[in-house]
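S.K.: Top to bottom, those sequences are chains A and B. Per the working numbering, the first sequence starts with residue 1, numbered consecutively. Per the working numbering, the second sequence starts with residue 1001, numbered consecutively. Beta carbons are placed, not taken as given, at the ideal position from N, Cα and C, and that holds for glycine.
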Amino acid sequence: MPTNAPAAAHALKDVAASDSTLRRFLHGLPGVDAVGLEARAASLGTRSIKTTAKAYAIDLAISMVDLTTLEGADTPGKVRALGAKAVRPDPTDRTTPSTAAVCVYPDMVATAKEAVAGSAVKVASVATAFPAGRAALSVKLADVRDAVAAGADEIDMVIDRGAFLAGNYMKVYDEITAVKEACGTTARLKVIFETGELSTYDNIRRASWLGMLAGADFIKTSTGKVAVNATPANTLLMLEAVRDFRAQTGIQVGVKPAGGIRTSKDAIKFLVLVNETAGEDWLDNHWFRFGASSLLNDLLMQRQKLATGRYSGPDYVTVD
Amino acid sequence: MASVFAYAPAPESRSIVDIAPSYGLFIDGEFTDAADGKVFKTVSPSSEEVLSEIAQAGEADVDRAVKAARKAFEKWSALPGSERAKYLFRIARIVQERSRELAVLETLDNGKPIKETRDADLPLVAAHFFYYAGWADKLDHAGYGPNPAPLGVAGQVIPWNFPLLMLAWKIAPALATGNTVVLKPAETTPLSALFFADICRQAGLPKGVVNILPGYGDAGAALVAHPDVNKVAFTGSTAVGKEIARTVAGTRKKVTLELGGKGANIVFDDAPIDQAVEGIVNGIFFNQGQVCCAGSRLLVQESIHDELLDSLKRRLSTLRLGDPLDKNTDIGAINSEEQLSRITSLVERGEAEGAERWSPACDLPESGYWFAPTLFTNVTQAHTVARDEIFGPVLSVLTFRTPDEAVAKANNTPYGLSAGIWTEKGSRILAVANKLRAGVVWSNTFNKFDPTSPFGGYKESGFGREGGRHGLEAYLDV
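(1) According to DSSP, which residues form a beta bridge with A:A294?
(2) List the residues of chain A that B:N1273 touches, going by C-beta distances under 8 Å, in chain order.
(3) Just verifying my parser: in three-state terms, what is the DSSP assignment at B:Q1156?
(4) Roughly how many angstroms lie between the CA atoms of B:K1086 and B:A1176, to the nearest whole one?
(5) So with Cβ pairs under 7 Å, would you call A:A53 a contact of chain B?
(6) Strictly by DSSP, which residues pair up with A:M157?
(7) Going residue by residue through the stretch 1194-1227 of chain B, where are the continuous alpha helix (DSSP H) segments of at least 4 residues, counting only ones entirely within it?
(8) Could you say which of A:V104, A:E154 and A:G279 lies nearest to A:K78 if we only look at CA atoms?
(9) Per DSSP, which residues does B:E1466 bridge with? Please list them.
(10) Is the number of C-beta pairs between the stretch 1249-1269 of chain B and the stretch 1457-1467 of chain B that are closer than 8 Å three or more?
(11) Quick one: list the residues of chain B neighbouring A:A57, beta-carbon separation under 9 Å, in chain order.
(12) Spell out a yes or no on whether the stretch 1197-1205 of chain B and the stretch 1054-1064 of chain B are touching, meaning 3 or more CB-CB pairs, one atom from each, closer than 8 Å.
(13) Within a Cβ cutoff of 8 Å, which residues of the same chain sit near A:A227, ignoring the five residues on either side of it in sequence?
(14) Go through its chain and collect everything with a Cβ distance to B:R1349's Cβ below 8 Å, but skip five positions before and after it.
(15) Give every residue of the same chain whose Cβ lies closer than 6 Å to the Cβ of A:L299, excluding the five residues on either side of it in the sequence, and list them in chain order.
(16) By how many angstroms is the C-alpha of A:M170 removed from the C-alpha of A:L26?
(17) Answer with yes or no whether the minimum CB distance from A:L283 to chain B is below 7 Å.
(18) Thinking just about the alpha-carbon of each residue, which of A:E194, A:G291, A:F218 and A:L198 is nearest to the one in A:W282?
(19) In whole angstroms, what is the alpha-carbon distance linking B:K1313 and A:T46?
(20) Residues of chain E with CB under 9 Å from A:V35, in chain order?
(21) What residue range is occupied by the uninterrupted beta strand (DSSP E) comprising A:G211?
(22) Excluding the 5 residues preceding and the 5 following B:E1389 in the sequence, name in chain order all residues of the same chain whose CB lies nearer than 6 Å to its CB.
(23) With DSSP as the reference, label B:Y1144 as helix, strand or coil.
(24) Candidates B:F1285, B:K1071 and B:W1135: which alpha carbon is nearest B:V1181's?
(25) Note down the Cα distance separating B:Y1216 from B:A1410, rounded to an integer number of angstroms.
(26) Evaluate contact between the stretch 206-221 of chain A and the stretch 253-267 of chain A, counting only Cβ atoms and requiring at least three cross-stretch pairs below 8 Å.
(27) Look at the Cβ atom of B:F1391, then the Cβ atom of B:Q1290, and state whether they are nearer than 7 Å.
(28) Which value, in whole angstroms, describes the spacing of the CA atoms of B:A1239 and A:D266?
(29) Can you give, in chain order, each stretch of the alpha helix (DSSP H) that sits fully within the stretch 1074-1124 of chain B and has at least 4 residues?
(30) Suppose you measure from the CA of A:S18 to the CA of A:A127; what does that come to, to the nearest Å?
(31) Is it buried or exposed for B:N1147, if we count other Cβ within 10 angstroms and need 16 for buried?
(32) Check whether the Cβ of B:E1278 lies closer than 7 Å to any Cβ atom in chain A.
(33) Measure the beta-carbon distance from B:E966 to B:T1380 and round it to whole angstroms, keeping in mind my assumption that it falls under 8 Å.
(34) Using a Cβ-Cβ cutoff of 9 Å, what residues of the stretch 256-290 of chain A are near chain B? List them in chain order.
(35) Could you please tell me which residues of the stretch 1056-1087 of chain B, in chain order, have their CB closer than 8 Å to any CB of chain A?
(36) Report the neighbours of B:E1424 on chain A: residues whose CB is nearer than 7 Å to its CB, in chain order.
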């Protein structure tokens, strides 16, 4: 596959020429056998990660967290507290890495930006009428432009699942390209599929390719607002997609599982999936993220345990 | 694999298993020395460490064991099925309780990864005993008429690739149907069978119902030829199987043979590629390829050959070979020096005949018997590596153009044990599966086992079925 990458990249240019070429391409992707996919994800979940590998994995996972607050009740105070925690997750141990980003609603971007000023922590914003995405394109684009103008480094957009499920792939493609354009040159675009609503693995593979063809910098499983969010299997599938996409086009795309990853043990299993599926090129926070809020505290407690040999407890990490 | 995320060693503790410096034969409920006092050593294939010294059964011991089994048969076969079931359920539960100990033991003695003994072998061993325990009081309903009778003494000879699992496949149906057993485990892997002897005592199984005779081929031959054995069950090489068939020909002994294979794994161009790659890996590298039903011939539709091979090579580069007791190990040691040299010579022959050999970059440990996962491309049906069973981690890749050609090539082998089909098209699965001359055909998966599912071969892969309701027939007078 990598041998004829330039030719393949050229060929993929025509994929989105029309509705029918796009549909033909997406439906021509190899199928996914659900039983086999889940079995593979489960077998990678049995990797035993301990000692130095565990310490490495925990620090890596902390550095990949998009620390997230997406509530109707978000206030500047809450966002400032989150920003402070993202910059310095464990005040008792300065060697703890910062998280990758804080992820907030568009109207909180400016506040978040101030809170993380002077650090490497990025500000991500869920623009595009998150989480349902049920608004006119003009509204979504305005949402994106506002967030970018307020300083957002990353935009997490939701796709129009209705259009996707109705088979209207071109509409989804056009929306992504429009949002990508609105992101300008500064903001990276994460495209959220809401895999729980796409329901089948074949759909998730198609959505992954659709997103990447349209220019996504990241593909992301879910909003965290539905029943089924990130799972080892759907993340494994998306890792396969970015791996194959790079082999064909030379373009590397990041992956972000979001929602439902709460424990260090789970996070480490996801890192094993990255390591053994896409490979080590994806093992940093430019290419892999965790969309999570409660995960961080468990990672911090596990980190303290490794450092001291004792479990501390929830009162030894901050509640923000 | 050199990586930024290098996994630290995760060894399973071997302190859970207590291996004695020596073991005797298990005859009539007692451990005893061999009549001629002979012993042999069993070594750990991953380190060449001597694990224990084992009494070596000879002809006189076979005779003693068969007599003990004959004597026990009277009472055992007269027990109501529900009583026999109690013993089998008890054995199944003890196997579960001691499964970690047995998994470590099996890994030490056989060389296969702890991941496989823990997650595949032991759960299946317990499942077989549970399954056939359930049949013991329902034999009237198995489709063989009312009150089907047991045969008598079963002489069973099992191989070294799945020592405890093959024991379970043989002993569970034999006991459920009311037979008594003399079993000879392979000389390179006798330990788990001897631990099983201890489990029989723990379960209070009547003396003589199960007898275990570690030894070499001569003991197996003596057992098969013993005039007072009523049923012969053998799993192993086709050459030995033919020898056994000659021995029992003209006698009244019932026989089942489960022999070699050269399974075809057929990948069509519409297959779920990523899962097919996993299935190919599982098909040939499970237990270092030392599996009679291994998918050792990969038949790929020519139109996706290059793409699939790229994926497969990339996947093989992530396989972790090394200490079998490490929980992260995917590929363990080859069972014996003899087997390693057999694999090596067949692979050299493949190269000499012009097939293209490829292995991922992979460091082999210094001591022990190791062979890197190996692919042969540019293979045709005329190559030795496409015809002979290698019984090692060596995959031969062939191509085909049409479904008919795939079927023709898949069936063009003296064997007929297993096959695999990979396609997203359901109608094609059914059409192709019906034309394949193989005992098991897996679709969109490979190497899946279950006690309820019969297993056995066509042609030189043997005859008779083990597992499921069909597995009862081999132990009943029907």
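M.R.: By the coordinates alone:
(1) Indexing the first sequence from 1 puts residue 294 of chain A at position 294. Reading off the sequence shown, one finds Ser at residue 294 of chain A, where the question assumed Ala. Bridge partners of A:S294: none, in fact.
(2) Counted from its first residue, the second sequence places residue 1273 of chain B at position 273. The sequence as given places Ile at residue 1273 of chain B; Asn does not occur at that position. In chain order: P30.
(3) Counted from its first residue, the second sequence places residue 1156 of chain B at position 156. In this structure, B:Q1156 counts as strand in the three-state DSSP scheme.
(4) Here residue 1086 of chain B is taken as the residue at index 86 of the second sequence, counted from 1. Here residue 1176 of chain B is taken as the residue at index 176 of the second sequence, counted from 1. Those two C-alpha atoms are separated by around 10 Å.
(5) Taking the first sequence and counting its residues from 1, one reaches residue 53 of chain A at position 53. For A:A53, the answer is yes, since a Cβ of chain B falls inside 7 Å of its Cβ.
(6) In the first sequence, the residue the question calls residue 157 of chain A occupies position 157. Per DSSP, A:V191.
(7) 1217-1225
(8) Taking the first sequence and counting its residues from 1, the one referred to as residue 78 of chain A is at position 78. Nearest C-alpha to A:K78: A:V104.
(9) As a first step, residue 1466 of chain B must be located in the second sequence, where it is residue number 466. DSSP, once it has assigned bridges, lists B:F1455 as partnering B:E1466.
(10) yes
(11) Indexing the first sequence from 1 puts residue 57 of chain A at position 57. Per Cβ cutoff of 9 Å: F1005.
(12) no
(13) By one-based count along the first sequence, residue 227 of chain A stands at place 227. Cβ within range, chain order: G196.
(14) In the second sequence, the residue the question calls residue 1349 of chain B occupies position 349. Contacts found: T1384 and V1385.
(15) Residue numbering aside, residue 299 of chain A sits at position 299 when the first sequence is read from its first letter. Result list for A:L299: I58, A61, I62 and S264, in chain order.
(16) Sequence index remark: in the first sequence, residue 26 of chain A carries index 26 (1-based). Sequence index remark: in the first sequence, residue 170 of chain A carries index 170 (1-based). Approximately 11 Å between the Cα atoms of the pair.
(17) Working through the first sequence from its first residue, we reach residue 283 of chain A at position 283. It does; some Cβ of chain B falls within 7 Å.
(18) Counting from one through the first sequence, the residue named residue 282 of chain A turns up at place 282. Looking at the Cα atoms, A:F218 is the closest of the given residues.
(19) Within the second sequence, numbered from 1, the residue matching residue 1313 of chain B stands at position 313. Within the first sequence, numbered from 1, the residue matching residue 46 of chain A stands at position 46. Roughly 23 Å separates the two Cα atoms.
(20) Judged by its chain identifiers, the structure shown contains no chain E, and its protein chains are A and B.
(21) Position 211 of the first sequence, counted from the start, is the residue given in the question as residue 211 of chain A. That residue, A:G211, is in no beta strand (DSSP E); its alpha helix (DSSP H) goes Y201 to L213.
(22) Counting from one through the second sequence, the residue named residue 1389 of chain B turns up at place 389. Taken in chain order, the residues that qualify are G1260 and K1262.
(23) In the second sequence, the residue the question calls residue 1144 of chain B occupies position 144. Of the three classes helix, strand and coil, the one that applies to B:Y1144 here is coil, per DSSP.
(24) As a first step, residue 1181 of chain B must be located in the second sequence, where it is residue number 181. Looking at the Cα atoms, B:K1071 is the closest of the given residues.
(25) As a position in the second sequence, residue 1216 of chain B is number 216, starting the count at 1. As a position in the second sequence, residue 1410 of chain B is number 410, starting the count at 1. Distance between the alpha carbons of B:Y1216 and B:A1410: 34 Å.
(26) yes
(27) The residue given as residue 1391 of chain B occupies position 391 in the second sequence. The residue given as residue 1290 of chain B occupies position 290 in the second sequence. Taking 7 Å as the Cβ cut-off, B:F1391 and B:Q1290 qualify as a contacting pair.
(28) Within the second sequence, numbered from 1, the residue matching residue 1239 of chain B stands at position 239. Within the first sequence, numbered from 1, the residue matching residue 266 of chain A stands at position 266. About 49 Å.
(29) 1081-1097 and 1099-1110
(30) Locating residue 18 of chain A in the first sequence gives position 18, counting from the first residue. Locating residue 127 of chain A in the first sequence gives position 127, counting from the first residue. Straight-line Cα distance between these residues: approximately 27 Å.
(31) Looking up residue 1147 of chain B in the second sequence gives position 147. That one is exposed.
(32) Taking the first residue of the second sequence as 1, we reach residue 1278 of chain B at position 278. It does: the Cβ of B:E1278 has a partner Cβ on chain A nearer than 7 Å.
(33) Chain B is shown from 1001 up to 1478; residue 966 of chain B falls before or after that span and cannot be answered.
(34) L271, V272, V274, N275, E276, T277, G279, E280, L283 and D284
(35) none
(36) By 1-based counting over the second sequence, the position of residue 1424 of chain B is 424. Going along chain A in sequence order, the residues near B:E1424 (Cβ under 7 Å) are G31.
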